[in-house]
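Here is the structure we will look at.
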Amino acid sequence: MTNVIDESGILAISTRLQRLSDQLRKEGQLIYKANNIEFEPKWFPVIYTLHLKPVLPVVEIANEIGYSHPSTISLLKELEKQKLIRSKKDKTDERKRLIQLTEKGKELVVQMQPVWKRMVVALTALTDTKNNLMKAIEEVEQQLKTRGFLERERLL
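Our numbering numbers the first residue of the sequence shown as 7 and each following residue consecutively.
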């Protein structure tokens with residue numbers, strides 16, 4: 007059954023991507039819950055980044071995950087409240103805060119790694135279609151870096 011948004015085509019691409027993202031996050035949360043892991047999918051970008059790059063300043067985390075500085079700060083506060091990350095002042099620049107996983111955060115990553123492996127397999131199967139979604143996303147992101155949506159619209 008289609009709806010107005012489905013029928014609107016490319017005009018609703020942002021809405022459709024948001025809807026897809028919401029569905030994947032909701033089902034991701036169910037996967038974590040089924041594996042007895044207390045984890046919010048919205049925490050993933052920070053936790054995964056700190057797993058790969060153990061100590062980072064806030065600005066670099068924001069750059070790595072592609073979020074605005076205020077959105078990153080909000081997420082970091084939530085993770086700090088959950089005791090999954092901690093911050094310390096940079097010895098070379100006291101204005102900078104360095105963020106790292108706590109022991110609880112590291113243990114959580116160890117617990118999630120086998121689940122992530124299964125999620126990769128399931129997501130690969132899900133997106134490996136004739137018009138491979140990940141490849142399409144990468145192509146569009148590259149196009150936006152070359153010339154943004156606003157600029158493209160103004161040229162018409």
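Glycine included, each C-beta is placed from N, C-alpha and C at the ideal position.
So, using beta-carbon positions, are residue i and residue j closer together than 7 Å?
i, j, result
"residue 85", "residue 94", "no"
"residue 55", "residue 70", "yes"
"residue 108", "residue 124", "no"
"residue 133", "residue 139", "yes"
"residue 106", "residue 60", "yes"
"residue 121", "residue 41", "yes"
Please report the straight-line C-alpha distance between residue i and residue j, rounded to a whole angstrom.
i, j, result
"residue 155", "residue 26", "21 Å"
"residue 110", "residue 142", "36 Å"
"residue 9", "residue 22", "11 Å"
"residue 152", "residue 58", "28 Å"
"residue 29", "residue 114", "23 Å"
"residue 35", "residue 96", "34 Å"
"residue 39", "residue 75", "29 Å"
"residue 137", "residue 112", "37 Å"
"residue 83", "residue 162", "43 Å"
"residue 160", "residue 128", "40 Å"
"residue 17", "residue 7", "19 Å"
"residue 98", "residue 77", "25 Å"
"residue 31", "residue 149", "26 Å"
"residue 126", "residue 14", "31 Å"
"residue 11", "residue 87", "38 Å"
Residue i bridges to which residues according to DSSP?
i, result
"residue 93", "105"
Between the Cα of residue i and those of the options, spot the shortest distance and give me the residue it belongs to.
i, options, result
"residue 33", "42, 20, 47", "47"
"residue 101", "42, 64, 14, 49", "64"
"residue 37", "107, 119, 14, 52", "119"
"residue 53", "81, 74, 39", "81"
"residue 79", "68, 146, 41", "68"
"residue 50", "90, 66, 15", "90"
"residue 147", "72, 135, 99, 127", "72"
Using a C-beta cutoff of 7 Å, does residue i count as contacting chain B?
i, result
"residue 119", "Judged by its chain identifiers, the structure shown contains no chain B, having just a single protein chain."
Return the chain-ordered ranges of every beta strand (DSSP E) run that is complete within the region 29-90 and spans a minimum of 3 residues. Counting whole runs of 3 or more residues, the region 29-90 contains no beta strand (DSSP E) stretch at all.
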